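So the structure is just underneath, and the comments pick up after that.
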Amino acid sequence: MAEIQPLVAGNWKMNGTQESLGEIRAMCERAARIGARPHLMICPPATLISRVKGLVAASPIQVGAQDCHTAERGAHTGDISAEMLKDAGASAVIVGHSERRGDHGESDALVRAKALAAHRAGLIAIICIGETEGQRRYELTLPVLGRQVRASVPESATAANTIIAYEPVWAIGTGLTPTTDDVAEAHAFIRQTLAEHLGEEAAGGMRILYGGSVKPANAAELMSVANVNGALVGGASLKAEDFFGIVAAYGSA
Ligand code: PGA
């Protein structure tokens, strides 16, 4: 099995206007100075995808989106299809982020359909899973993760077209993180469940990112955990300085 190339991806959420493009320029400068490890991606709001794509054209930074509709086109006012995101310059799309599951009531079945839409359009689906604080308290973390993997990840997913992001809901934007033992247990369990669901080959090569309060100060510890193949970063991805402080966990920034 070839070594898995880690990915540090930034999720800008509903942040960023044209004024923020200076940070993208700074990221391009920083990216030019590091080697091939890790892969880098920024997921700006949809309004900035084509602008960001233009700026990163000569850099190794990939552009992702944050959500897509399941249909290719049609009467869905305000929605954006995976094909449109691809056309705007995205190579990946986040689906099933807990903020979408929470704010918009997205089910595992809908997340699965969105992942299939991403694949149909030729985008990598970054499928987010993670337990809530209450589920964790009742020791339901692993059963919840198992259900989410089986119900949100299409059986046709491969290591090339799908990335999993484990994001404990209670760790997102709170400054709280699980212990490295808890992260190791969750990631090993996710990979085992993927193997049962997709087969050893797809599961063995699939990137499983950790997300939730990743910062420059904790990145090296979190990224060194077995089966952690990179990070999905929210708040700390908005500034080039912080984002590359996290990339530095791989010793290359
Ligand atoms: P955070 O967000 O890094 O701000 O906690 C992570 C995410 O929601 O992807």
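In numbering that gives the first Met the number 0, the protein residues as written are 0 to 252. Just so you know, even glycine gets a beta-carbon here, dropped at the ideal spot from N, CA and C. It should be emphasised that the depicted structure is a prediction, and the values quoted were computed from it without experimental measurement.
{"Asked": "Assuming contact is defined by CB atoms lying nearer than 8 Å, are Val224 and Thr179 in contact in what I supplied?", "Found": "yes"}
{"Asked": "Looking at Ser49 and the ligand PGA, is the gap between the Cβ and the nearest heavy atom below 7 Å?", "Found": "no"}
{"Asked": "Would the beta-carbon of Phe188 fall within 8 Å of that of Leu231?", "Found": "no"}
{"Asked": "Looking at the structure shown, is Tyr249 part of a helix, part of a strand, or coil, going by DSSP?", "Found": "helix"}
{"Asked": "Kindly examine the ligand PGA and report whether one of its heavy atoms sits closer than 7 Å to the Cβ of Leu231.", "Found": "yes"}
{"Asked": "Is it buried or exposed for Ser151, if we count other Cβ within 10 angstroms and need 16 for buried?", "Found": "buried"}
{"Asked": "Run through DSSP, which three-state label would Leu237 get?", "Found": "coil"}
{"Asked": "Let me know the secondary structure DSSP gives Ile3 once reduced to three states.", "Found": "coil"}
{"Asked": "Assuming Lys7 contacts Gly229 (C-beta within less than 8 Å), just tell me the rounded distance between them.", "Found": "Correcting the residue type first, residue 7 is Val in the shown sequence and not Lys. Their Cβ separation, rounded to whole angstroms, is 5 Å, which keeps Val7 and Gly229 in contact under 8 Å."}
{"Asked": "Quick check on DSSP: helix, strand or coil for Ser258?", "Found": "No information on residue 258 is available, as it lies outside the stretch 0 to 252 that the chain covers here."}
{"Asked": "For a minimum of 4 consecutive residues, which ranges assigned as the alpha helix (DSSP H) are wholly contained in the region 44 to 118?", "Found": "48 to 55, 81 to 87 and 97 to 102"}
{"Asked": "Just to confirm my understanding: we take Ile90, look at its own chain, exclude 5 residues before and 5 after, and list those with CB closer than 6 Å. What are they?", "Found": "The question names Ile, but residue 90 is Ser in the sequence shown. Contacts found: Gln61."}
{"Asked": "Less than 8 Å between the beta carbons of Ala183 and Asn226, yes or no?", "Found": "yes"}
{"Asked": "Does Ile325 come out as helix, strand or coil in the three-state DSSP assignment?", "Found": "Beyond the ends of the chain as shown, which are 0 and 252, falls residue 325; an answer cannot be given."}
{"Asked": "Glu22: which of Ile123, Glu240 and His118 sits nearest, CA to CA?", "Found": "Glu240"}
{"Asked": "Starting from Leu144, follow the alpha helix (DSSP H) in both directions and report where the run begins and ends.", "Found": "Thr140 to Ser151"}
{"Asked": "What are the complete beta strand (DSSP E) segments, minimum 3 residues, inside the region 155 to 212?", "Found": "161 to 165 and 206 to 210"}
{"Asked": "Taking the straight line between their C-alpha atoms, what separation do you get for Ala156 and Asp66?", "Found": "18 Å"}
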